[in-house]
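Enquirer: This structure is in structure tokens; I'll ask about it shortly.
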Amino acid sequence: MTETIGLVLGMSLLAAAGVLVRHRFWPNEDCEPREDVAEYIAMMVGVLYALLLGLSLVSVWEGRSSAEEHVHEEASAAHEIYQLADSLPATDAVRLRESVTQYVRHTVRVELPAQAAGRPPAQEGWQLLRNVRTANQLPADAKAIQQATAREVLTQLWLLNDARRGREADARGGLSPILWFGLLTGGLLTIAFMFMFGIQRSATHVVMVMGLTGLITLTVLLIYQLDQPFTGPMAVDSASFSLYFPGA
């Protein structure tokens, strides 16, 4: 948060310094007549850049929401499997619970910290998930209620599997380089037009450019943070797993 505030203030002060330099060395341009075509182009650049900012912000917000939902679904499915073990024979119940606990601990202690560091999950998690599926196998003489429980566990395993795949896909997602190029280039153009079409009072011009620069910088930084759902101060963490498995 401190780095974000510092960068926003730094960019605002840099823009203010640019305005002061402009008024110092090119003061007569403030009185030059403005061309309607140039003002129209500047307005269109601002409008298009606002649309690009809105599109990018909505896209990364949906990506983060998707990551949060997948983590919650994964934790919920693991918890359901753990609870369903109550209906199984004692030995099978212990084996199933141990396999689920191992998977959850690996996810919380290894995979999510790795994703927070920008690394993809290893294949060990999939192996632990296969162990859960293996632990769900019952003997042929199992009771009908136990067989029904095993089928429900299998359903939850499919949900857990899909949620895990979604979590891995969320980590690989993000805005395309073209959108990032548009965000950075559009921001520079929008600020540059504020220099070209200045206001006669330099103090007002400085305040407006500082405000616009700070707002654009803050929005781009917000998009950058949301574009990485498992890293940074707004990261999706293991809170959902901790809710169902406090000891994990």
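Under the working numbering, residues 2 to 249 are what the sequence shown spells out, in order.
Glycine residues also receive a C-beta, built at the ideal position from the N, C-alpha and C atoms.
Here the structure is a predicted model, which is why all the values come from computation and not from measurement.
So is residue 100 buried or exposed if we call it buried at 16+ other beta carbons inside 10 Å?
Expert: As a position in the sequence shown, residue 100 is number 99, starting the count at 1. By the 10 Å Cβ count, residue 100 comes out buried.
Enquirer: Out of curiosity, what's the CA-to-CA distance linking residue 102 and residue 55?
Expert: Counted from its first residue, the sequence shown places residue 102 at position 101. Counted from its first residue, the sequence shown places residue 55 at position 54. Using only the alpha carbons, I get a separation of about 42 Å.
Enquirer: Using only CA atoms, which one of 150, 242 and 107 lies nearest to residue 132?
Expert: Working through the sequence shown from its first residue, we reach residue 132 at position 131. Taking only the C-alpha atoms, the option nearest residue 132 is 107.
Enquirer: If you reduce the DSSP assignment to three classes, tell me which class residue 97 lands in.
Expert: If you number the sequence shown from 1, residue 97 lands on position 96. It is helical.
Enquirer: The alpha helix (DSSP H) spanning residue 167 covers which residue range?
Expert: Mapped onto the sequence shown, residue 167 falls at position 166. Run containing residue 167: 145-173, per the alpha helix (DSSP H) assignment.
Enquirer: Where does residue 118 fall in DSSP's three states?
Expert: Residue numbering aside, residue 118 sits at position 117 when the sequence shown is read from its first letter. In the structure shown, residue 118 sits in coil (DSSP, three-state: anything other than H, G, I, E or B).
Enquirer: Tell me, please, whether the region 71-89 touches the region 216-226 by the rule of three or more beta-carbon pairs shorter than 8 Å.
Expert: No, the region 71-89 is not in contact with the region 216-226.
Enquirer: Quick one: what's got a C-beta closer than 8 Å to residue 158's C-beta in the same chain, skipping five residues either side?
Expert: Numbered from its first residue, the sequence shown carries residue 158 at position 157. Result list for residue 158: 78, 82, 130, 133, 134 and 137, in chain order.
Enquirer: Please tell me whether residue 176 and residue 228 are closer than 8 Å, where the distance is taken between their beta carbons.
Expert: As a first step, residue 176 must be located in the sequence shown, where it is residue number 175. As a first step, residue 228 must be located in the sequence shown, where it is residue number 227. Cβ distance < 8 Å, so residue 176 and residue 228 count as in contact.
Enquirer: Return the Cβ separation of residue 147 and residue 88 in integer angstroms, given the expectation that the two are a contact with Cβ distance under 8 Å.
Expert: In the sequence shown, residue 147 corresponds to position 146, counting from 1. In the sequence shown, residue 88 corresponds to position 87, counting from 1. So it is a contact: roughly 6 Å between Cβ atoms.
Enquirer: Kindly list the residues whose CB is nearer than 7 Å to the CB of residue 150, restricted to its own chain and excluding five residues on each side of it in sequence; keep chain order.
Expert: Residue 150 sits at position 149 when you count from the first residue of the sequence shown. So the qualifying residues of the chain are 85, 88 and 89.
Enquirer: Less than 8 Å between the CB atoms is what I'm expecting for residue 231 and residue 124, so what's the real figure, rounded?
Expert: Locating residue 231 in the sequence shown gives position 230, where the first residue counts as 1. Locating residue 124 in the sequence shown gives position 123, where the first residue counts as 1. In fact, because the Cβ distance is near 18 Å, the residues do not count as touching under 8 Å.
Enquirer: If you run the structure through DSSP and keep just helix, strand and coil, what is residue 189?
Expert: Numbered from 1 along the sequence shown, position 188 holds the residue referred to as residue 189. In this structure, residue 189 counts as helix in the three-state DSSP scheme.
Enquirer: Of all the options 122, 80 and 174, which has the alpha carbon lying nearest to the alpha carbon of residue 156?
Expert: Stepping through the sequence shown from its first residue, residue 156 is reached at position 155. If we check each option's Cα against that of residue 156, 80 comes out closest.
Enquirer: Using only alpha-carbon positions, find the residue among 210, 241, 97 and 236 that is nearest to residue 11.
Expert: Here the question's residue 11 lines up with position 10 in the sequence shown. Answer by Cα proximity: 210.
Enquirer: Taking only three categories from DSSP, how would you classify residue 293?
Expert: This structure cannot speak to residue 293, because the chain is shown only from 2 to 249.
Enquirer: If distances are taken between C-alpha atoms only, which option among 213, 238, 246 and 245 comes closest to residue 51?
Expert: On the sequence shown, residue 51 is found 50 positions in, with the first residue counted as 1. Considering only alpha carbons, the answer is 213.
Enquirer: Would you check if the distance between the CB atom of residue 47 and the CB atom of residue 191 is smaller than 8 Å?
Expert: The residue you call residue 47 lines up with position 46 of the sequence shown. The residue you call residue 191 lines up with position 190 of the sequence shown. Yes, the pair counts as a contact, with Cβ atoms nearer than the cut-off.
Enquirer: Does the beta-carbon of residue 144 have 16 or more other beta-carbons within 10 angstroms, so that it is buried, or is it exposed?
Expert: Your numbering for residue 144 matches position 143 in the sequence shown. Flag for residue 144 reads exposed.
Enquirer: Nearest to residue 247 by alpha carbon, out of 205, 114 and 110?
Expert: Against the sequence shown, residue 247 aligns to sequence position 246. For residue 247, the nearest C-alpha among the options comes from 110.
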